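Student: In our numbering, the protein residues as written are 764 to 1153.
#1: Using DSSP's beta-bridge definition, name the partner residues of residue 849.
#2: Check the C-beta distance from residue 1014 over to residue 979 and give it rounded, since I have them as a contact under 8 Å.
#3: Decide yes or no for the touch test of the region 981 to 996 against the region 1011 to 1026: beta carbon pairs closer than 8 Å, at least 3 of them.
#4: Should residue 1031 and residue 1007 be called a contact, given that it needs their Cβ atoms to be closer than 8 Å?
#5: Taking the C-alpha atoms as reference points, what is the distance between residue 1149 and residue 977?
#6: May I ask you to report which of helix, strand or coil DSSP gives residue 1144?
#7: Would you report the Cα separation of residue 944 and residue 1029, rounded to the nearest angstrom?
#8: Starting from residue 867, follow the alpha helix (DSSP H) in both directions and report where the run begins and ends.
#9: State the start and end residues of the unbroken beta strand (DSSP E) segment that holds residue 1107.
#10: How many Å lie between residue 974 and residue 1093 at the Cα?
#11: Per DSSP, residue 1072 forms a beta bridge with which residues?
#12: For residue 872, which residues does DSSP report across the bridge?
#13: Just mark residue 1151 as buried or exposed, buried being the case when its beta carbon has 16 or more other beta carbons within 10 Å.
#14: Expressed to the nearest angstrom, what Euclidean distance is found between the alpha-carbon atoms of residue 1090 and residue 1058?
#15: Suppose the cutoff is 8 Å on Cβ atoms and the five residues either side in sequence are ignored; what does the same chain contact list for residue 1046 look like?
#16: Residues in its own chain within less than 8 Å of residue 1153 by CB, not counting five upstream and five downstream?
#17: So, at 6 Å on beta carbons, what are the nonlocal neighbours of residue 950 in its own chain, with the 5 sequence-adjacent residues on each side left out?
#18: CA-CA distance, residue 1082 and residue 1020?
#19: Quickly, what does DSSP pair residue 1037 with across the bridge? List them, please.
#20: Can we count residue 975 as close to the ligand FMN, meaning its CB is less than 7 Å from some heavy atom?
#21: Terminal residues of the continuous alpha helix (DSSP H) containing residue 737?
#22: Excluding the 5 residues preceding and the 5 following residue 1112 in the sequence, name in chain order all residues of the same chain whose CB lies nearer than 8 Å to its CB.
#23: Under a Cβ-count criterion, where at least 16 other Cβ atoms within 10 Å of its own Cβ denotes burial, should residue 994 be classed as buried or exposed?
#24: On the three-pair Cβ rule with 8 Å, is the region 874 to 885 touching the region 929 to 942?
#25: Indicate whether residue 1064 and residue 1011 have their beta-carbon atoms separated by less than 8 Å.
#26: Could you give the DSSP three-state label for residue 1098: helix, strand or coil?
#27: Relative to the C-alpha of residue 1104, which candidate in 853, 854, 1142, 1138 has its C-alpha closest?
#28: Apart from the five residues on each side of it in sequence, which residues of its chain come closer than 8 Å, Cβ to Cβ, to residue 1018?
#29: Distance, Cα to Cα, residue 1110 vs residue 1102?
Shown next, in the form of structure tokens:
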């Protein structure tokens, strides 16, 4: 079995995903192909994702259900797996996989494979198909590669196989990019329904991120709104929150995140991304702001948790806006964060002609040493300057 842990994985595998059958009797004069093979995709932590192959309408929840209840349970992930591919190698003349592997290791079988067909710009699956198809030795026969039909979240297809040992390789792909691949040896028994399970010993699972608030395509008259949601992997302690292309670290506690963002005029794209050793999960919503937009604003974030950095702004008249004077001189301290990555934000609603001064105070004291603070200045919703200091 091979696992490709570096690829994007947001999958929940369950029973009933793949059905492969054949219809000839092994007593026929042709090579016997009389076996039914059912491929099962192993279940992993049911209930952590509520998305089919194609994304459900925002706000709608699809319950995968339980094996054997009603319709076949589908593969699930954030986004859309739109291709399921299967590759089959016939090794029926070997007594067992160990015999094959020992013989393979003892000979230079790679000499019978044409490495010149491999190209770096191709997807993993396309390279594998071309590479194995080029084999000219006698250790295995290339049965074929098959694209299974994906409909209503279930992948199905038909292949014809001989009884005996085979190697099966499966790939789940999204827009021609392989997201998960798994392979194994399997002994096909004639005149029986054969069950082959991929991932039944536990599949790697990237985190599933879901933004519960705000809702996608919602409208807000508030300049500052909370972004709330969940991350399926409760061992993850931080995530990345991005609004309109500007990113910051946010805390995740027990699989839950809740962090404020400051909206710009009109359309705002909010994205939350979390990663573990198996891959990256994300969710994204759009929010339209129809309130009073800031003419100018300063936004402060920093890179350590449990620290308190304070944002100050002084207008041309010498009036200072900060945590002890939150609404003065046409300036408003929208967000004040005292224990984590930020943000802090001061918006200028009624500008005074002249130069504004922005400064950051380490309110934590020595405990904040080594923290990198990032200040972004926006004017009429456009980023005009970014300053970082440690």
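Idealized CB from N, CA, C, for every residue including glycine. Because the structure is a prediction, the values reported are computed rather than measured.
Tutor: The relevant details are as follows:
#1: BP columns for residue 849 point to 909, 933.
#2: Not a contact, Cβ separation roughly 23 Å.
#3: By the C-beta criterion, the region 981 to 996 is judged to be in contact with the region 1011 to 1026, since at least 3 inter-stretch pairs fall below 8 Å.
#4: Yes, Cβ-Cβ distance for residue 1031 and residue 1007 is below 8 Å.
#5: So the two alpha carbons sit approximately 27 Å from each other.
#6: Coil, per DSSP.
#7: Those two C-alpha atoms are separated by around 42 Å.
#8: Per DSSP, residue 867 belongs to the alpha helix (DSSP H) from 860 to 868.
#9: Residues 1107 to 1111.
#10: Cα to Cα, residue 974 sits roughly 33 Å from residue 1093.
#11: Listed as beta-bridge partners of residue 1072 by DSSP are 1125.
#12: For residue 872, which the question treats as bridged, DSSP gives no partner whatsoever.
#13: Exposed, because fewer than 16 other Cβ atoms sit within 10 Å of the Cβ of residue 1151.
#14: Going from the Cα of residue 1090 to the Cα of residue 1058 covers about 15 Å.
#15: Excluding positions up to five away in sequence, the list reads 841, 972, 973, 974, 992, 1034, 1035.
#16: Cβ contact annotation for residue 1153 (same chain, cutoff 8 Å, sequence separation greater than five): 1133, 1134, 1135, 1136, in chain order.
#17: These residues qualify, in order along the chain: 928.
#18: Taking C-alpha positions only, residue 1082 is separated from residue 1020 by approximately 35 Å.
#19: According to DSSP, residue 1037 bridges with 1044.
#20: Judged by which ligands are present, the structure shown has none, so any question about the ligand FMN falls away.
#21: This structure leaves residue 737 out entirely; the chain is present only between 764 and 1153.
#22: Only residues of its own chain outside the window of five on either side were considered, and among them 1055, 1057, 1058, 1093, 1094, 1095 have a CB closer than 8 Å to the CB of residue 1112, listed in chain order.
#23: The residue is buried, with at least 16 neighbouring Cβ atoms inside 10 Å.
#24: By the Cβ criterion, the region 874 to 885 is not in contact with the region 929 to 942, since fewer than three pairs of Cβ atoms, one from each stretch, lie closer than 8 Å.
#25: Taking the C-beta atoms as reference points, residue 1011 is found nearer than 8 Å to residue 1064.
#26: In the structure shown, residue 1098 adopts extended strand secondary structure according to DSSP, grouped into three states.
#27: Closest option to residue 1104, Cα to Cα, is 1138.
#28: Here the set comprises 993, 994, 995, 996, 997, 999.
#29: About 21 Å.
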